[in-house]
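This report concerns only the one structure given below.
Numbering (our numbering), first residue to last: 18 to 194.
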């Protein structure tokens with residue numbers, strides 16, 4: 018009987034020990050599974066979402082939209098350009114959608130015919146990109162036509178999306194040419 022009592026006490030002791038170890042070791046694991054860890058992405062200091070739209074009216078062969086100047090201590094990064102062009106030129110007339118870069122270069126965006134309505138032809142462009150504009154620079158998208166439109170007041174719409182970096186929060190390293 019004494020031996021049986023020792024086995025029962027030893028089993029009870031192991032049960033208490035297992036419970037104590039389980040309480041102190043499982044608790045932090047459960048807490049980590051339930052609560053997400055707070056992290057910070059140090060590679061993206063002060064990233065502020067950016068979207069802006071401008072409408073320009075054709076004057077002769079071109080339509081030039083001016084977006085706001087990048088403020089001091091900021092860098093604008095454009096990740097996507099899209100827009101629409103409405104014109105009444107004959108079929109086959111050249112249409113170029115262009116975005117001027119901050120360093121003096123340009124990118125050209127493919128233009129797609131989508132249909133016509135009320136005597137106007139509608140075209141769209143939609144381009145992923147990665148362009149940056151620093152303090153004092155500004156995006157200047159434009160549309161260039163192969164000939165003067167016969168109707169006054171035709172327009173193009175440009176939408177730029179991306180993000181603004183706050184260079185005061187973290188350094189904005191110079192972009193390699």
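Yeah, the Cβ is synthetic: ideal placement off N, Cα and C, and Gly gets one too. As the structure is a computational prediction, the values presented were derived from the model and not from experiment.
Here residue 63 carries a coil assignment [DSSP, helix/strand/coil]. Secondary structure of residue 135 (DSSP, three-state): coil. Residue 127 and residue 100 have their C-alpha atoms spaced approximately 11 angstroms apart.
Taking each of 147, 193, 182, 158 in turn and checking the Cα distance to residue 102, the smallest one comes out for 158. The segment 128 to 137 makes no contact with the segment 68 to 84: fewer than 3 CB pairs, one atom from each, lie closer than 8 angstroms. Boundaries of the beta strand (DSSP E) around residue 175: 172 to 183. Straight-line measurement puts the Cα of residue 89 at about 35 angstroms from the Cα of residue 162. Note: residue 80 is bridge-paired with 160 in the DSSP secondary-structure output. Taking the Cα of residue 150 as reference, the smallest distance to any Cα among 23, 29, 173, 183 is reached at 183. In this structure, residue 85 sits away from residue 180, with a CB-CB distance that is not shorter than 8 angstroms. Secondary structure note for residue 116: its beta strand (DSSP E) is the uninterrupted segment 112 to 117.
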